Structures are given as structure tokens and as C-alpha cells.
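Read the structure below first, then the notes.
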Amino acid sequence: MLRRRKKTDALQGTLDLLVLQTLSRGPHHGYGIAADIQSISDDILRVEEGSLYPALHRMEHLGWIAAEWQTTSNNRRARVYRLTRAGQKRLDDERARWDQLTRAVAKVLRFA
Amino acid sequence: MGWFRRFRATFATGDGGFDEERRFHIDARTAEYVRHGMTEEDARREAVKRFGNATLARERTRDVDVIRWIDDVRRDTGHALRMLRRNPGFTLLALVCLTLGIGANVAVFSWIEGILLRPFPLVVDQDRLFAVTGTERGTPGHTDVSWPDWLDLRRNSTLAEAFVGEKITGTTLSIGDRAERAPGSIVSANYFDAIGVRPMLGRSFAAGEDAGRNAYPVTVISYQMWHDRFHSDPAIIGKTQVLAGLPHTIVGVAPEGFYGTFVGYAFQFWVPASMQPQFDAGAYKLEDRGARWIEGFVRLKRGVTIEQAQSELSAIAARLEADYPETNRGRGIRLYPLWQTPFNNAGALVPTLGIALVVVLAILLIACANVGNLLLLRAFARQQEMTIRLSVGAGRGRLVKQLLTEGLILSSIAAAGGFVVASWLRDALALLTPPRGGILLRLPGELDWRVLALSAVVCLLSTLLFGLAPALLTSNIDLASALRSQSGSVIGVRSRSWVRSTLVLVQMSLSFVLLVGAGLLIQSLQAIRHASPGFSTDGVLTTTVDLFTAGYEAERAKIFQDELIDRMQAIGGVESAALSRMTPFSYRTYSTAPIAVDGYDAPRDQQPTAEYNEIGPGFLATIGIPLVSGREFTRADNETAPLVAVVDEMMAAQFWRGEDPVGRRVQVRNRWMQVVGVARNARYRNLLETPKPFFYVPLRQNFSATTALQIRTARRPAALTPALVREIHALDANVAPSEVITMREQVERTTAPQRISVTILVVFGSLALVLAAIGLYGVMAAMVSQRSGELALRMALGAGAADLLRLVLSKGLALTAGGVAIGLLTALQGTRLLGYLLYKVEPRDPLAFASAVVVVALASLVACVVPAWRATRTDPLRALRA
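This is the structure we're talking about:
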């Protein structure tokens, strides 16, 4: 039970990082975020939609991102998310942590 | 910010746009797949598949958007309200049961709070306030304390923050030609400061105003007196008011809502202890260590327990006993918690309120059992709904929570109604209690936050009580068999009917116990009504004539009294008339004195004392107390004649050990008196008192200007009053008698605790029985409708209407018999708790038990007849086809 929760936390943290990083390049709707992550990662990272929307809403409540209904080029209403100042700060922190983590893992791998 | 939005989303309708977001997502994904060469149809199918379980995602998103538990509560509440609205009959019946149950509890809580626990509005820190009385070795009960002893306690106690001395007194206020008594209090000078009550006008008493003979004729009057008598005069301070025959300067007005510190009365004025002689018909007691008259309260310092304080005060009392053996031999001091205060009405009401508490808890249990039964009955009807909810994946915990929410809504509405009921009943106790000495009692319930909190707890507990079992049983459905079976008889029916029968058993036994209690108290009240107090209750009237307050000094008063008796005896229809300082069963206290008898040696550490009454010539004959030997007083027994006394049989037996004391002598407060007669024992204060030695002395040799007048006549009080007033006014137009009542009335006014208990038990006992009968009816009706198939089969096989009637009735009466059996066992053990409220009735009185059996049996017969009759009307064809 405890282990499972830890795992989802770690995964969720990664998802948050990816979403915030994607939004740092400009506002986007949910589909766009998922598509961006997938294409930039050369199809390796596929975001589950069932997790994406709860995560977006959660980060919205935390104040990291803000949402707005906008009309797209082909005249459809889409909910567009953008990074807030708090989100930018969160992104910087998360990135620093991620870099630290990967550097540490790489170090261990090199050493072994 | 986020929190606020979530809170708002919790109460918003809709899904916060999730569906539109999802639609857009899927459309975009479809377009992407189409661009990659899929057909429109395949692309859409693939996109939907890729998105996954939409419902789950929607729920998860919503969970993020709302505050989860509030959302659940909100949904359950909405659902519950819909269910309650859909079954108005059920809802109404449940609400009536619970409102009665909870309302009765809140009322009793508020009485206990307002009368026993925090009886004195505006007085600060009542938790640290304790009652102080004296004790006398070898004699049960309490005595008052002498003023010098009181001062010594105050000086020597280190654990007490303040001693508040007070003694209830009264004065006659004339209103037209009618005299009215107003209760007031003689208090120590620190009174108002110590209890933390600040006069709204003027000042409280100054230190030192409680010393000296009649030295400080000042008074603080009540808000009510200021309002009613002085029309809220803002310049009242410095004006005078005659109290007990002497003008007192009004130095202060107590704040509104302050009624003094005496459970039962709303005091109208306060005077400092220096005015004690004026209110005691002249006897100066402030420097007399032998005169015990003050009582009161002590406020202990923070953290001091009653045991610590008691041992300190006992040590001080022991030192006083050693220092002043003449007056203090065998004397002690005792502390009581406020609710046990022996010198006001608190102590007398404790058993009554205790019984009331037990009774209303029983009522609540019965009401809960009824609502539980109703819920079970409805749960049966909702089986389909529950089965479907469970099978589409609702958690069992959610179902239980939902059913409990329904219960909580019911009991919350009922609690609100209960508060209304309780506020109606606020003054019920005072209304059940007759006024004594013409003064209305004040026994209010107090609906403060503590009562509120306790009622909320009761509300929650009763919800668990009536809601939990049905909720658990309802949600405990074996899904497989429930879905397989189309008929109503699914798993759980057996266990449910078992639970319902148990509930009826509990109800029946509880109402049986209450009825036994009611029966016992009714018999007790009858016994009290027919008990002889030792004097005539019929054909004797009594009233008070207060010459002291009217300003008479002794010599004028004596002339007035003699003439009054002559004039009374001249009125047609009056057999005889006599004066006495006290009339038996009055709220005032008898004189008491240390006594000594030749040849009687008291135990070394005890000082024998006895109470006595100062009576005029012919008093015993007038009131109807027979003489055993010797004679009673005549006009010849005046201040120039030798001192004489009449003792009662009890005193004769104790001090002269069965020899005739006539001709022997008794020393009363250092005066030797010759015994000239022995009177039959009587009751002196109330019917239930423990007999103590008692004697009489001539009024002329122990003078009092305030007297009771007894008149032996066959005429009614109303018929005699005009003649009485006329004769008194002929002597002095400024003197007015108080209310004229029969001695029977006088006696009955002392039986208030019994009457209140009887009223409470009879009212609530009947209520309990009705509720229990409704419960039994519900169970039987449900049984008949559930077993209609079986009943029809029996009919088809040749059972007659009489057989079916017998079948249903026997089932119902078996339940009743079981309940009565349990109740019988409980009552046999429990009725002893009625204690002193039972007068000449055994706690296991067979008549009370038998009548309770009959009443319960009749009520359950009535409850079973309708369902049984319906059973005989079963149409076998229709029932079997259904």
C-alpha cells in the first residue's frame, strides 16, 4: 500500500514537471500538451489522458497554472492552460531536483 | 484561492466543463489519426479507446475539483431530504417520536442546569461555590450556624476565597387592604462583592454594615421591586422603604436578572446582617454563639477540593467546640455541593429531577426504538434500491453513511423541535408547585450552551442508536441471492424481524417499568392525601396576622391579640380560634433551644435540643391535637404566672422514659418550666419528617407579635375571609391578614415533590406506552403483510378467521409477555430508587405491578387487533396469485 502510493507520487511528480515544462513555452490546451510531450520525446513518453486532466485541475487549484476557455482557430471552445508565476518557480525547483537526481543516478551508473 | 474555488465547486452543479474538455480532446485526437491515414470511423473509435474510462477520469477530476467529504455530505443530505419528502407519513411519525423524546430530555437537562447546577443567574464561578451548614452530633440532617461561629470560620479558613452568609427572610408589603409577603435575604456585608454581582444603581453593602444591633437600616432592592413598586425611578437611591416595620434607606438596585441565591424564590430585597433583630421580631443574635440562624455559601480558592475544605472547616469547628463547650458541644460544619444544598429547594428536588432524568432517557430509548423500527420497515421497501446501488459498485460504507445521514437529519430537525418543547416547559416545575406563603416559586429551566451541547450529544447518540442497526442490516445484502430472487423474501428478513421484535421487547419492558413507577407514586400520593398529620385538616383555617411589621410593640400587640381572639370567637359558625407563633407545615422555621431534664444525662459530647412552638390558649383544641394527660395553656398562663410547657409523647418517652412528666420540670435555654401536659405526637413540618422531640410553650411567656391565627369552623375560607378582615380592621385599619387557607391546603402544599414526580411519571409513562404500542402495531402490521402468502395458504387449507386471529394475536401477546417479564425483573430491582418519594407504599407493591401488567396488556391488545383483523381479511386467491 505504502509502496504503491510512493510510486504514484513519483510518477505524478514527473508528469507535473513535464506539463509545467511544456507550458513554459506558451499556453496550450490539454490535447496540445499531451501531443507536445509525445512528439518531443519521439513517441517514448505517452501521457495517459485519464491522469492528465485530474493533474491539470490539481495544479490549477495549487495555483501553478491558470485556465481559460478560448476559441481556437477552427472555432472550437478549448480550455487553455498557461503557466503562472508560482508555476514558473515550481518548474525551476522541480528541474533543479530532476537534474540533481539524474546526475546522481548517472554517477552511480558510471561508478558501478 | 484554490481552496475557495474548490469549496464553490463543491456546491456547483455540473462537472466543471470536464465533458467539453474531453470532447475537444477526442476530436483533436481523431483529426490527428485521420491525418495519419485512418478512416474517420476508426480514428474516432481509437481516440475514445485511447482516452480510457471516461467516467473514471471524470470522477477523478471532480474529486480534485471539490472538497471530498463536504461533497459526500452534500450529496447524502440531498438524497436523504428527497427520501424523507417522498415518505411524508414515515417522516412525520419519526419526527413526532423523536421530538417528544429529545424535547423531554432537553427540558429535564435545562431544569437540572437551571435549578441544581448553575441555579443563580449572574453569580460568577458557581463551580467553586458550596453550601455551608452546621451539624449536630447524634442528630441527622443540618442546622444553621451562629453568627460568631460564622465570623470565626471566615477568619480562620485559608482555603476559602469568601464566605457568603445569608438567611431567607421576608416582609409584608401592603397593597391596598391586602398584605403580601415579599421574600428577601439577610446577608453578610460582603455578599454582592463576593458573588460578583454589581448593583445597576447605587452601591452594595459596605464592610462593617453587618455589625451592631439594627445599626444599618439600608437595603438593596431587586430590579423587579424597583420596576413594579417604584416605577423605575432613576432617583431611587436615598429614598426609603419600610421593611419589617422599619424604614430602610435604599442604597442600591440589583441588576435585572438577578434573583438572589436561594433556589425556589426570587428575592425582592437584601439587608445587611446588622438588621437581623428587626427581621427576627427583636431577638438580637449577632453576639449569641448559641443562636443558630445563618446559612450560606463558601467560594473555595481555585484548585481546592471540597474534601480539603471540609477537613479544614471541621478542624476549625473542633477548635470552636473546645473553646466554647457551653454552646458548641457536638457542633460541626458541613459543606455540600450546590445541587445538594439542604436549606433551599435544591435538595428536595434532587430525587424528583433524578427520576425525571431516568424517565426521559427511557422515553428517548423508546422513541429511538420506534424510529429504528420505522427505518427497518422502510429498509424492507428499499431493498430493491439498495441491491441495485450495491451491484453498480457503491461501497457498503457509503450506504451506511447515507442511511446515517438520513437519521441525523431526522434527529436534528427533532432536536430543533425539542428545543421549542423544552422552552415551553421552562417554567413547568414552578407551575406544578403551589405557592407557599403566598409567594410564587421560581424554578426555571436554563437553556444555555451546556444544555445545547449535551442535547447535541443526545441527538448524535440517538441517531446511532436508531440508525446504525437498520443501516448495517440494510446494507448487509447478499447480492447474489438478492438479484436472483424476485420476491421480497430475501436474506436479512429473518434477522430484521428478529431485531424488530427485540426493539419491541425493549419498549414494552421500559414502559412497563415506568408504569409501575407511576402506579407506586400514585398510591404514595393517595397515602399522603389520606395520611393524618396528627391534627385536623378539615374544619380548620389558618392565616397570618403580622403586628410586628405593623409597628406594634409588645404591650399593644398583646391587647390586640386578646381582642382579636374574642372577636373571632363571637363570629357565627366559629367554634374556637387560637394564635401561635407558627402554624404547622409552614415554610418558616420553629424556635429551637438546648434543653435539660432532671434525671436525664445526655451523652457527654452531645447537647440535647428540641424544637418548640409558642402557642396561645386553646391552640391544641382548635387545631385538633389531643392531650394524653394534663392540660393545655389558658389565659392564666401569662407573663406573671409560673413558666409552663406541654411536651409531646416522643419527648416524654425520650426524656422521662415512659413516666408521666406532668408535674416534672424541663430547662429551656436556662429557664426552668413546669410540664403541665402531654400532647399526642403530630407532624410539625411535613408528612415525611423523621419524628423528633417537640414541645409547646405559652405565647404570652415567649412573646411574638407575628402570629398565625387558627380558626376551627365548618365554613369555607372564602366565606369567612370578609368577617375576618372586618374584625381585624375594626381593631386597626392598617393591619391586614394574609391569605386564608384550610389546613388541608397547608398540608398539601408540602407534598409538591411527590406531586411533581407523579405528574412527570404519569404523563411520560402514558407517552411511553403509546409509543411502545405504536411500535408493536408496526411490527405486527409488517408481519401480517410480509406473511400474507403464508396466511393465504393457511386459509386455503381450511383455517378459519378465528385461527388466523389467534395466530397473529398470540404472536403479538408473546412479545408483550416477554417485554413485561423483562420489565418485571427490572422494576423489582429498580423501584427502590424512588426512595423517600414513596410514602407508606412498598417498592414492590403488588397492586402497582398488577395494574401495570393490565395496562400494558390492554394497550398491546389494542395494538394487535387491527393487524390481526386485517389478517382475517386476507383474500387467499389474490394473495397466492401475487
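Those protein sequences? They're chains S and X, same order as listed.
In short: position in the first sequence from 1, add 34, done, that's the numbering used here.
In short: position in the second sequence from 1, add 2, done, that's the numbering used here.
Glycine included, each C-beta is placed from N, C-alpha and C at the ideal position.
Values in this document were obtained by computation on a predicted structure and should not be read as measured data.
Worksheet entry | Residue-level contact to chain X via CB, residue 120 of chain S, 8 Å cutoff | No, because no Cβ of chain X sits closer than 8 Å to the Cβ of residue 120 of chain S.
Practice prompt. From the DSSP output, in three-state form, read off residue 270 of chain X for me.
Written response: Residue state for residue 270 of chain X is assigned as coil, using DSSP reduced to three classes.
Worksheet item: What are the start and end residues of the alpha helix (DSSP H) that includes residue 230 of chain X?
Response: It spans 225-230 - the alpha helix (DSSP H) in which residue 230 of chain X sits, taken as one unbroken run.
Fill in: beta strand (DSSP E) segment containing residue 629 of chain X, residue limits
It spans 629-632 - the beta strand (DSSP E) in which residue 629 of chain X sits, taken as one unbroken run.
Worksheet item: So with Cβ pairs under 8 Å, would you call residue 9 of chain X a contact of chain S?
Response: Not one chain S Cβ lies under 8 Å of residue 9 of chain X.
Worksheet item: If you follow the beta strand (DSSP E) that residue 698 of chain X is part of, which residue opens it and which one closes it?
Response: From DSSP, the beta strand (DSSP E) with residue 698 of chain X extends over 696-700.
Worksheet entry | Reduced DSSP category for residue 738 of chain X - H, G, I as helix; E, B as strand; rest coil | Residue state, collapsed to three classes: coil.
Practice prompt. For residue 202 of chain X, count neighbouring Cβ atoms within 10 angstroms of its own Cβ and tell me buried if that reaches 16, exposed if not.
Written response: Counting Cβ neighbours within 10 Å, residue 202 of chain X comes out exposed, since fewer than 16 surround it.
Worksheet entry | Alpha carbon of residue 629 of chain X to alpha carbon of residue 191 of chain X, nearest angstrom | The straight-line gap separating the alpha-carbon atoms of residue 629 of chain X and residue 191 of chain X is approximately 47 Å.
Worksheet item: To the nearest whole angstrom, what separates the beta carbons of residue 345 of chain X and residue 297 of chain X, a pair I think is in contact under 8 Å?
Response: The distance from the Cβ of residue 345 of chain X to that of residue 297 of chain X is about 5 Å, consistent with a contact at the 8 Å cut-off.
Item to complete: Would you mind stating whether residue 549 of chain X and residue 352 of chain X have Cβ atoms separated by less than 8 Å?
Response: In this structure, residue 549 of chain X sits away from residue 352 of chain X, with a CB-CB distance that is not shorter than 8 Å.
Worksheet entry | Burial state of residue 864 of chain X (16 or more Cβ within 10 Å) | Residue 864 of chain X sits exposed, since fewer than 16 C-beta atoms from the chains shown fall within 10 Å of its C-beta.
Worksheet entry | Residue burial classification, residue 494 of chain X (beta-carbon count within 10 angstroms, cutoff 16) | Because the pLDDT of residue 494 of chain X is 46, which lies under 50, any placement of that residue in the model is unreliable, and the question is left without a value.
Worksheet entry | residue 60 of chain S: contacting residues in chain X (beta-carbon distance under 7 Å) | The contacting residues do not exist; residue 60 of chain S stays about 17 Å from chain X at best.
Worksheet item: For residue 93 of chain S, which three-state DSSP category applies?
Response: If DSSP states are grouped into helix, strand and coil, residue 93 of chain S belongs with the helices.
Discussion item. Looking at chain S, is there any beta carbon in it that lies within less than 8 Å of the beta carbon of residue 19 of chain X?
Written reply: It does: the Cβ of residue 19 of chain X has a partner Cβ on chain S nearer than 8 Å.
Worksheet item: With a cut-off of 8 Å, does the C-beta of residue 128 of chain S fall near any C-beta of chain X?
Response: Residue 128 of chain S does not count as touching chain X.
Item to complete: Return the first residue and the last residue of the beta strand (DSSP E) that residue 46 of chain X is part of.
Response: Unbroken run through residue 46 of chain X is the alpha helix (DSSP H), 42-53; no beta strand (DSSP E).
Item to complete: Go ahead and pull the three-state DSSP assignment for residue 300 of chain X.
Response: The answer is strand: DSSP assigns residue 300 of chain X an E or B state.
Discussion item. Just to confirm my understanding: we take residue 643 of chain X, look at its own chain, exclude 5 residues before and 5 after, and list those with CB closer than 7 Å. What are they?
Written reply: Same-chain partners within the cutoff: there are none.
Worksheet item: Who are the near neighbours of residue 444 of chain X in its chain, counting only those whose CB is closer than 8 Å to its CB and skipping five residues on each side?
Response: Contacts found: 261, 266, 267, 268, 432.
Fill in: Of the residues X/770, X/101, X/805, the one placed nearest residue 520 of chain X, counting alpha carbons only
Of the candidates X/770, X/101, X/805, the one whose C-alpha sits nearest the C-alpha of residue 520 of chain X is X/770.
Worksheet item: DSSP on residue 103 of chain X, reduced to helix/strand/coil?
Response: In this structure, residue 103 of chain X counts as helix in the three-state DSSP scheme.
Item to complete: Jot down the residue ranges of each uninterrupted alpha helix (DSSP H) in the segment 307-386 of chain X, minimum 4 residues, whole runs only, in chain order.
Response: Runs of alpha helix (DSSP H) with 4 or more residues, each lying fully within the segment 307-386 of chain X, are found at 308-325, 327-330, 347-383, listed in chain order.
Worksheet entry | Neighbour-count burial assignment, residue 575 of chain X, 16 or more Cβ in a 10 Å radius | Classification for residue 575 of chain X: exposed.
Practice prompt. Express the C-alpha separation of residue 414 of chain X and residue 106 of chain S in angstroms, rounding to a whole number.
Written response: A straight line joining the alpha-carbon of residue 106 of chain S with that of residue 414 of chain X spans about 52 Å.
Fill in: Short CB-CB distance (under 8 Å) between residue 42 of chain X and chain S
So no, residue 42 of chain X is outside the interface.
Worksheet item: In or out: residue 489 of chain X buried (at least 16 other Cβ within 10 Å) or exposed?
Response: Any reading at residue 489 of chain X needs caution, since the residue's pLDDT is 47, under 50, leaving its predicted position unreliable; the model's value is listed next. Here residue 489 of chain X is exposed, its C-beta having fewer than 16 other C-beta atoms within 10 Å.
Worksheet item: Counting only beta-carbon atoms, is residue 53 of chain X nearer than 8 Å to chain S?
Response: Interface residue, yes.
Discussion item. Run through chain S and tell me which residues come within less than 8 Å of residue 36 of chain X, C-beta to C-beta.
Written reply: Those do not exist, as residue 36 of chain X stays about 14 Å from chain S at its closest Cβ, beyond 8 Å.
Practice prompt. Drop a sphere of 10 angstroms on the beta-carbon of residue 724 of chain X, count the other beta-carbons inside from all chains shown, and report buried for 16 or more, exposed for fewer.
Written response: Exposed.
Worksheet item: With respect to the beta strand (DSSP E) encompassing residue 245 of chain X, which residues constitute its N-terminal and C-terminal limits?
Response: Residue 245 of chain X -> beta strand (DSSP E) spans 242-245.
Worksheet item: Hey, would you say residue 870 of chain X sits closer than 8 Å to residue 793 of chain X, going by beta carbons?
Response: For residue 870 of chain X and residue 793 of chain X, no; Cβs fall outside 8 Å.
Fill in: Residues bridged to residue 169 of chain X (per DSSP)
According to DSSP, which records beta bridges pairwise, residue 169 of chain X is partnered with X/188.
Fill in: Proximity below 8 Å, CB of residue 118 of chain S to CB of residue 98 of chain S
It is a contact, given that the beta carbons lie within the stated cut-off.
Worksheet item: With a cut-off of 8 Å, do at least 3 Cβ pairs link the segment 240-258 of chain X to the segment 89-109 of chain X?
Response: With a cut-off of 8 Å, the segment 89-109 of chain X and the segment 240-258 of chain X do not count as touching, because too few Cβ pairs lie within range.
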